[in-house]
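Participant:
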Amino acid sequence: MSFKIFTLQLTGKIGNAEKIEAARKKLEQTYHAFLEAECSAELERFRELEKWVASGIPDQRKRELQAEVFKGSLEYNQLREYENLKKNKSFTDYFKVEGSPELTRFLRVDGSDKLKNYWEMKDYAEGEYLQEQREILSQRYAGSAEERLVKELAQLKKNKSIAAYFRLKDSLALKKHLEFANSDKLKRFLELKNVPKTAKEARKAFALMKQDPEIRQFFRMEKSQDLKHYRKMEGRHVLERYEELIRETGKDAFRQRIAWLKDPKKLEKSDSWKKFLRFKELEKSSDIVFYKKFKKSPLYRNYLDVKDSFDLARYNELKKLIASPEFLKRKAWLEDVHKWEKSEEYAGLEELERLRKHPKVVLYNKYKDAADFDFLKNWEVSFRDTFEGSEVSPRLWTFNTLWAERLLQDRYSQQGDLQGYTGGKNCMVRHGKLVVQVKKEKTAGKQWQPTVGFVPVDFGYSSDLLSTINSFWQKEGIFEAKIKFSPFREVVSSCHLLGEEPSPQITLLEMGPECRMGVLSMVDSGKPVFKGIGIKNLKPGKFYLFRVEWEGSRFTWKINDQVVFETHLTKPDAAFHLNLASVVVSEIAASRLPMGFETDWISCYRRKTV
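Count the sequence shown with numbering that gives the first Met the number 0 and you get residues 0 to 609, in order.
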């Protein structure tokens, strides 16, 4: 975590990227207007009149006709300026609010824990609560796993074979039947049953045994349907399933789960609902209703606009000035009637004053000696891609790195990378932005392994990389990109500069396990060393302007025009090129894919040659 980035954001020094872009665009428009004003007839006439005034002719004529007059004087302009400000509706509305009970109440609520709690609860009600609500309401008994178990058990209970099995199982009748099946009496009976008819004594004994109650009961049960069902079901898996369902559906937790699923009021009984009601209560509270209404009111917006304005300071200054005895005395003297106002010289001076306020003249005088346009005068665009087309420009970008192109004329991944590169298939231009996507899909590619070289690998993820190795190289200058800060811990996404050698790497931005800007260099031991600044404190989901300024051995990193890191390097003495890439360094949950590395535009500048 970088305390510097945290502090810069906290103090508002890292501004809004869109506002900076708008200011730059406005400055360019102003510069073009300045060049136009520099050649205008109005400025030419203004300079002509200024020379005429400087010659002393108007002053000489003025002395001849009159003394000084009030109209057109400094005091006149000061008084007129004050009267105009006094009548201004913005000022009258400002003083209605300043010191009012409404403003006092607003400021009290603005710093309260109640308001802070309201905003927190509002975020919850509009986000997490809706998800929890959908989750609770989506859990119903109909179609649930519990309903399926209950239905399955009911169906099994209707099975005659299962019912018969459990009637006999562990019954006394079955126990006696099985014991008698192995008895000597039954064995004797079966022996006698098969003796010849000539064995009269044996046949007589068989006839007597046939009437034996135990024999008769044994064969009645043998022929019973219950015993047939019992033997049919004995040892079958369905019996285990039946007993398992009986145990599962009989548990208290199971019955409580069914009761909860069937409860139409389960949302209202949840903690989520209680928090939501707390939000509604806060939203209707008199302080919150008043705060929101007052904050949106035209009076309060006007109050903020005027409060620290130059006009208000000027108004107070003029109010004090025009009430002073010196001013009143001077005004009375200047209001004496003279002929000066009717002279050509006076008209010339009036024309001069009108031209002095002419937009073109005002613009020229404002900027003629200012440094506002120094950048536009001294720098020119050397590379720019605003991704306005429907696809990535093949004229500007190559879907490979310098060393991969030289060694293989093909792409390869480094050892430990989990992604293969698709040669542009994972790059798209969407809504004027370049998006490099990481997807969960099998991708064939090559990987560098120090012990064996380049080997074919089937990767589990796909990604892409781009570089300007065939279109743009530059030594020194300014390199800037507008990129969405959206780090994923499992993916390293970066925009960086490289030369002919792998080191040093000038990193405009790196997001992933590390979020940082700076220089990645290889030390004598062969290990990479990073020197820069961490930027994890940036707000995820927002676009920022990431910039490197390279002048000689000095490198300066900026975020939204705010300097965040500086260093000196002695090695980079040749041209560098741009690189964009997303590298998967650890497994990613499929639900989070595809992920995108978004770039709005990239611009590079070099100093103009004389």
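For each residue, glycine too, the CB sits at the ideal point set by N, CA and C. In this text, all values refer to a predicted model and were calculated from it rather than measured experimentally.
1. For K530, which three-state DSSP category applies?
2. Which residues mark the beginning and the end of the beta strand (DSSP E) in which T459 is found?
3. Who are G554's beta bridge partners in DSSP?
4. DSSP puts E505 in a beta bridge; with which residues?
5. Which residue wins for smallest C-alpha separation from F542, given the options K186, I601, R353 and Q210?
6. Where do the N-terminal and C-terminal ends of the alpha helix (DSSP H) with L586 fall, by residue?
7. Counting only C-beta atoms, is R23 closer than 9 Å to chain D at any point?
8. Could you spell out where the beta strand (DSSP E) holding F69 opens and where it closes?
9. Counting Cβ pairs, one atom from each stretch, are 3 or more of them under 8 Å apart for the region 0 to 19 and the region 339 to 355?
10. Could you check whether the Cβ of E334 sits closer than 8 Å to any heavy atom belonging to the ligand GTP?
11. Using CA atoms only, rank isn't needed, just tell me which of F165, E247 and S581 is closest to R147.
12. Is the beta carbon of F386 closer than 9 Å to that of V428?
13. Do the region 504 to 521 and the region 443 to 463 touch if we need at least three Cβ pairs shorter than 8 Å?
14. Run the CB neighbour count on R107, radius 10 Å, all protein chains shown included, and call it buried at 16 or more, exposed below.
15. How close, in whole Å, do the beta carbons of I214 and M208 come, if the pair is a contact with beta carbons under 8 Å?
16. For a quick check, are the C-beta atoms of S581 and V391 less than 9 Å apart?
17. Ignoring anything shorter than 4 residues or poking outside the region 359 to 390, list the alpha helix (DSSP H) runs there in chain order.
18. Check whether the Cβ atoms of L433 and E597 lie closer than 9 Å to each other.
19. From what residue to what residue does the alpha helix (DSSP H) around R104 run?
20. From the DSSP output, in three-state form, read off G249 for me.
21. Taking 9 Å as the cut-off, decide whether the C-beta atoms of Y117 and F278 are in contact.
22. What did DSSP end up calling R235 once you bin it into helix, strand or coil?
23. Straight-line CA distance for L48 to K330?
24. In angstroms, rounded to a whole number, what distance separates the CA positions of K483 and A141?
25. If you draw a straight line from the alpha carbon of A252 to that of I245, how long is it in whole angstroms?
26. From A403, R23, E41 and E178, pick the residue whose C-alpha is nearest to that of P501; which is it?
27. So A583 and L417 are in contact, right, with Cβ under 8 Å, and what is the actual spacing, rounded?
28. Could you tell me the distance, in whole angstroms, from the CA atom of D572 to the CA atom of R405?
29. Which residues share a DSSP beta bridge with H576?
30. Measuring alpha carbon to alpha carbon, tell me which residue in R605, F575 and R166 is nearest L497.
31. Per DSSP, what kind of secondary structure is Q448 in: helix, strand or coil?
32. I'd like to check one pair, D225 with A163: are the Cβ atoms closer than 9 Å?
33. For the 8 Å Cβ check, are there 3 or more pairs between the region 298 to 315 and the region 75 to 90?
34. Among S462, E479, A124 and I477, which has the Cα closest to the Cα of S492?
35. Assuming I532 and F554 are in contact, meaning their beta carbons sit under 8 Å apart, how far apart are those beta carbons, in whole angstroms?
36. May I ask you to list the residues that DSSP assigns as paired with C603?
Facilitator: Straight from the coordinates:
1. strand
2. Reading off the sequence shown, one finds Gly at residue 459, where the question assumed Thr. Its beta strand (DSSP E) spans residues G452 to S462.
3. It should be pointed out that residue 554 corresponds to Phe in this sequence rather than to Gly. Answer is W549 and T566, bridged to F554.
4. Sequence check: residue 505 is Ile here, not Glu. I505 is bridged to L496 and V518.
5. I601
6. The amino acid at residue 586 is misidentified as Leu; the sequence shows Glu. In the DSSP annotation of this structure, E586 is not part of any alpha helix (DSSP H), being labelled neither H nor E.
7. Considering every chain present, this structure includes no chain D. It has just one protein chain.
8. Looking at the DSSP string, F69 is not in any beta strand (DSSP E), and its letter there is neither H nor E.
9. no
10. The ligand GTP is not among the ligands present in this structure, which contains no ligands whatsoever.
11. Ranking the options by Cα distance to R147, first place goes to E247.
12. yes
13. With the cut-off at 8 Å, the region 504 to 521 and the region 443 to 463 do not touch.
14. exposed
15. 6 Å
16. Using a Cβ distance threshold of 9 Å, S581 and V391 do not count as a contacting pair.
17. 373 to 377
18. yes
19. For R104, the uninterrupted alpha helix (DSSP H) segment begins and ends at P100 to D109.
20. coil
21. yes
22. coil
23. 27 Å
24. 44 Å
25. 14 Å
26. A403
27. Here the sequence assigns Val to residue 583, which means Ala is not the residue at that position. V583 to L417, Cβ: 4 Å. Contact.
28. 21 Å
29. L497
30. F575
31. strand
32. yes
33. The region 298 to 315 makes contact with the region 75 to 90; the number of CB pairs closer than 8 Å reaches 3 or more.
34. Of the listed residues, the one whose Cα sits closest to S492 is S462.
35. The Cβ separation is near 12 Å, so there is no contact.
36. F382 and F478
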